[in-house]
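In our numbering, the protein residues as written are 22 to 240.
We put the CB at the ideal spot given by N, CA and C, even for glycine.
A quick write-up on the structure given underneath.
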């Protein structure tokens with residue numbers, strides 16, 4: 022059964038947004054006078070901003086809505102998005118996207134990021150024309166590691182799950198793909214620290230390893 026659709030995560034897979042999110046979150050933490058260690062911060066990777074903010078409110082007893090916290094963080098993020106000179110696509114991912122597009126593989130974005138952020142990235146790097154659909158976890162009821170986002174992405178691709186592949190870099194994302202029953206390729210990113218890849222179907226360090234002729238044996 023050939024590969025028909027690839028369901029891409031965004032943060033840490035398509036773009037190096039993790040460093041920008043980290044800067045934005047820690048600026049926001051400073052605003053509220055709260056301390057977040059690396060271990061707790063690592064559990065945010067792959068989760069929606071809503072989920073993270075709700076956990077912060079509960080953990081630190083903050084008397085503010087998650088929407089207001091998220092707005093502060095998002096403003097900092099947009100500043101870094103527009104001004105950080107090191108912000109770019111993950112090396113090799115544009116070539117992989119073009120390769121899939123040329124091989125008529127359907128591409129769906131399934132990211133925990135807010136749709137505003139997804140649109141900023143797609144506009145900045147001219148990606149819109151390669152994807153048939155985009156899903157923001159912020160618009161869904163459940164957050165990764167719940168399988169909802171990948172179940173919806175597979176449905177939107179119009180292909181059976183066993184013809185789909187997820188590309189993820191986070192523990193939460195891999196767990197979501199596992200729970201959805203979809204083949205998962207874990208991309209090891211230098212920006213996704215303290216993540217676990219044990220339950221991924223394959224683990225890769227270079228996007229060349231995910232070309233159609235290399236992953237075809239799994240489908």
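Cβ of residue i within 9 angstroms of Cβ of residue j?
i           : j           : result
residue 24  : residue 203 : no
residue 163 : residue 170 : yes
residue 135 : residue 159 : yes
residue 55  : residue 74  : no
residue 232 : residue 161 : no
residue 45  : residue 101 : yes
residue 108 : residue 41  : yes
residue 194 : residue 133 : yes
residue 145 : residue 165 : no
residue 36  : residue 47  : no
residue 186 : residue 152 : no
residue 130 : residue 121 : no
residue 66  : residue 39  : yes
Short of 8 angstroms in beta carbon distance, which residues of its chain neighbour residue i, apart from the five on each side in sequence? Order them along the chain.
i           : result
residue 235 : 229
residue 60  : 215
residue 184 : 22, 23, 24, 25, 26 and 240
residue 113 : 227, 228 and 229
Pull up the CB-CB distance for residue i and residue j, whole angstroms please, since I reckon it's below 8 angstroms.
i           : j           : result
residue 178 : residue 111 : The Cβ separation is near 22 angstroms, so there is no contact.
Give every residue of the same chain whose Cβ lies closer than 6 angstroms to the Cβ of residue i, excluding the five residues on either side of it in the sequence, and list them in chain order.
i           : result
residue 215 : 63
residue 201 : 168, 171 and 172
residue 180 : 25 and 26
residue 199 : 220
residue 218 : 207 and 224
residue 51  : none
residue 124 : 233
residue 182 : 175, 202 and 203
residue 237 : none
Short of 7 angstroms in beta carbon distance, which residues of its chain neighbour residue i, apart from the five on each side in sequence? Order them along the chain.
i           : result
residue 105 : 41
residue 251 : The structure shown does not extend to residue 251, since the chain spans only 22 to 240, so no value can be given for it.
residue 205 : 187, 189, 195, 198, 199, 221 and 222
residue 87  : 71, 74, 75 and 78
residue 68  : 133, 164, 165 and 193
Check: Taking one C-beta from the stretch 90-100 and one from the stretch 223-240 each time, how about it: are there three or more such pairs within less than 8 angstroms?
Finding: No contact exists between the stretch 90-100 and the stretch 223-240.
Note to self: Give the list of continuous alpha helix (DSSP H) stretches no shorter than 4 residues that lie fully inside the stretch 44-124.
What the structure shows: DSSP runs (the alpha helix (DSSP H)) wholly in the stretch 44-124: 59-63, 70-81, 87-104 and 114-123.
Checklist line | 3 or more residues per run - each beta strand (DSSP E) lying fully within the stretch 174-202 | finding: Along the stretch 174-202, the beta strand (DSSP E) occurs as fully enclosed runs of 3 or more residues at 185-189, listed in sequence order.
Notebook entry, point to check: Can at least three beta-carbon pairs, one atom from the stretch 31-44 and one from the stretch 178-193, be found at a separation below 8 angstroms?
Noted result: Verdict: yes, contact present.
Next item on the list: With a floor of 4 residues, list each alpha helix (DSSP H) that falls wholly inside the stretch 120-176, ordered by position along the chain.
Entry: Listed in chain order, they are 136-145.
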